[in-house]
Amino acid sequence: MDVDGVLTDGQIVWIPMPDGSFAEPKAFDVTDGGGIVMCRKAGIRTAIVSNRQSPAIRHRAEELLIDHVYLGIKDKREALKDLLGKTGVAPEHVCYVGDDLVDLGVMARVGFPVAVANAHPEVKSRAAYVTSASGGRGAIREVVELIVKAQGKWEEILRGFTG
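Note that numbering that gives the first Met the number 0 has the sequence shown beginning at 0, numbered continuously upward.
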């Protein structure tokens, strides 16, 4: 999945620091985090691919135990190629969630390309599924639940919460 516009609402906020640098806070939806935890419980590996380098993104990825993290990536197709090589997963078994034109190259190469509700119209038109939720507002959770249910793992996930 992409990060800005998918795991976040896409806003970039820079806060000037006393040393002249800038902090870049990010807001992540807790339900999306819950969806990523569900992935792990269902045996689904996760990856993020972002054009940006951000300590906040790295920290969130570590916190959620995201399997593969690609930050500062200019050509997301290269990250996909590397990921497929590392995992041995066929591209037709990959879901990718994006929101903007930079995501189209990956979306064209995976089996289940997804756009968030507030994605660019061109991205939506090339997606197999468009979420009801906007990026940074539960879109990832929506996609995870859809996949887990399609794989017949939903009841198993629920049992983990209900005992």
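Using N, Cα and C, we set each Cβ at its ideal position, and we do this for glycine too.
Setting aside the 5 residues that flank it on each side, T45 is surrounded in the same chain by I35, C38, I65 and D66, each with a C-beta closer than 7 Å to its C-beta; the list follows chain order. Sequence-distant partners of E91 (beyond 5 residues in either direction) whose C-beta falls short of 6 Å from its own C-beta, in its chain, are G110.
Taking E141 as the centre and dropping the five residues before and after it, the same chain places the C-beta of T130 and A132 closer than 6 Å to its C-beta, in chain order.
In the structure shown, P17 falls within a coil segment according to DSSP collapsed to helix, strand and coil. Close CB contacts of G135 within its chain, under the 8 Å cut and outside five residues either way in sequence, are with G4, V5, L6, T7, D8, G9, A26, F27, D28 and D31 (chain order).
For the options K75, A126, A22 and D98, the alpha carbon positioned closest to that of V48 is the one of K75. Following the DSSP letters along the chain, one finds F27 in no beta strand (DSSP E), marked with neither H nor E. Contact between Y95 and V88 fails: their C-beta atoms lie close to 12 Å from each other, not under 8 Å. If you compare the alpha carbons of S20, K40 and V2 with that of E144, the shortest gap goes to K40.
With a threshold of 16 other beta carbon atoms within 10 Å, V12 falls short and is exposed. Between D99 and D1, the C-beta gap is smaller than 9 Å, which places the two residues in contact. DSSP places G32 within a helical segment (H, G or I) once states are collapsed to three. In terms of CA proximity to N50, L70 leads the group L70, H58, H119 and G84.
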